[in-house]
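Beneath this line is the structure, given in structure tokens, with notes to follow.
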Amino acid sequence: MTATSDEADPRVMRSRARVLDAVASLLVEKGVRGVTVDAVMARSGVARATVYRHWPTRQALVLAGLRHLLPPPVPQTAVDGTLSQRLTSVLGGLARQMEVEPWAHAIPALLDAARREPEIATVAARFVADRQAPVRAVLREAVADGSLPRLDVETALAQLLGPLVYRRLLTSEPLDEELCAHIVEDFLRGQSPQVTRPFR
Numbered sequence: 001m002t003a004t005s006d007e008a009d010p011r012v013m014r015s016r017a018r019v020l021d022a023v024a025s026l027l028v029e030k031g032v033r034g035v036t037v038d039a040v041m042a043r044s045g046v047a048r049a050t051v052y053r054h055w056p057t058r059q060a061l062v063l064a065g066l067r068h069l070l071p072p073p074v075p076q077t078a079v080d081g082t083l084s085q086r087l088t089s090v091l092g093g094l095a096r097q098m099e100v101e102p103w104a105h106a107i108p109a110l111l112d113a114a115r116r117e118p119e120i121a122t123v124a125a126r127f128v129a130d131r132q133a134p135v136r137a138v139l140r141e142a143v144a145d146g147s148l149p150r151l152d153v154e155t156a157l158a159q160l161l162g163p164l165v166y167r168r169l170l171t172s173e174p175l176d177e178e179l180c181a182h183i184v185e186d187f188l189r190g191q192s193p194q195v196t197r198p199f200r
């Protein structure tokens, strides 16, 4: 049976789905160290030979489980308006994505895996960069058109996104539009000429 016919076979697709669900749940419950072929077999009911046929190494299995667990980025529509409005809009879009339940499970599992395995760290970096992209674009445009002074974009991202991550992972408070507006207001106040220092 070829790879193409495998992909079209409903039985193969069901087996793959069971394995990916098992890996994802193990990542959430036990972190990357909890993902072993034996544990995946026990939870999914799929035979060892079938698991190895699709994922020849444990690392490939972990990576596949992470990709299955992580919600994809949601494209954001460009918004016209003031810098405050544009930042609040893109921050709000990210906040809405973070309110989706898989985020709460995905982030700790991803960070745990990234600390232990370099290839997974690459996946983690891509995951973060994809979701930072709309905010990064607004910041760079604002610097280019003079709406913001020259700044370290990475530091600015941390100032804008840090409160969202903190609230999502460590509290039960909502990530709402009001929070995003406050974050942006505080950030822009810190960039005002009275307190801004030359960037070196």
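The sequence shown finishes on residue 200 if you use my numbering, and the numbering steps up by one all the way, no holes. All C-beta atoms, glycine included, are put in the ideal place defined by N, C-alpha and C.
Contact annotation, ALA124 with ALA114: C-beta distance approximately 4 Å; criterion of less than 8 Å satisfied. Between LEU160 and LEU91, the C-beta spacing is below 8 Å. Per DSSP, the unbroken alpha helix (DSSP H) holding ALA109 starts and ends at 101-116. With respect to ARG140, PRO73 sits apart: the two C-beta atoms are not nearer than 8 Å. Contact between VAL143 and LEU151 holds: CB atoms are separated by about 7 Å, below the 8 Å threshold.
Distances from the CA of ALA49 to each of VAL12, GLY81, VAL62 and GLY65 were compared; the closest alpha carbon is that of VAL12.
Assignment of SER192 by DSSP, reduced to helix, strand and coil, places it in the coil class.
Assigned with DSSP and collapsed to three states, ASP9 falls in coil, not helix or strand. The segment 50-57 and the segment 98-112 do not touch, with fewer than three beta-carbon pairs separated by less than 8 Å. Counting other Cβ atoms within 10 Å of its Cβ, SER15 reaches 16 or more and is therefore classed as buried. A direct Cα-Cα distance of roughly 42 Å separates ARG116 from GLY146. The alpha-carbon separation between ARG126 and ALA64 amounts to approximately 15 Å.
About 16 Å separates the beta carbon of VAL62 from that of ARG18, a gap too long to meet the 8 Å contact definition.
In the three-state reduction of the DSSP assignment, ARG150 falls in the coil class. Under a 10 Å Cβ-count criterion, THR88 is classified as buried, with 16 or more other Cβ atoms of the shown protein chains found around its own Cβ. Membership of ASP38 in the alpha helix (DSSP H) is indicated by the continuous run 37-44.
Just measuring C-alpha positions, the residue of LEU27, ASP176 and LEU170 sitting nearest LEU111 is LEU27.
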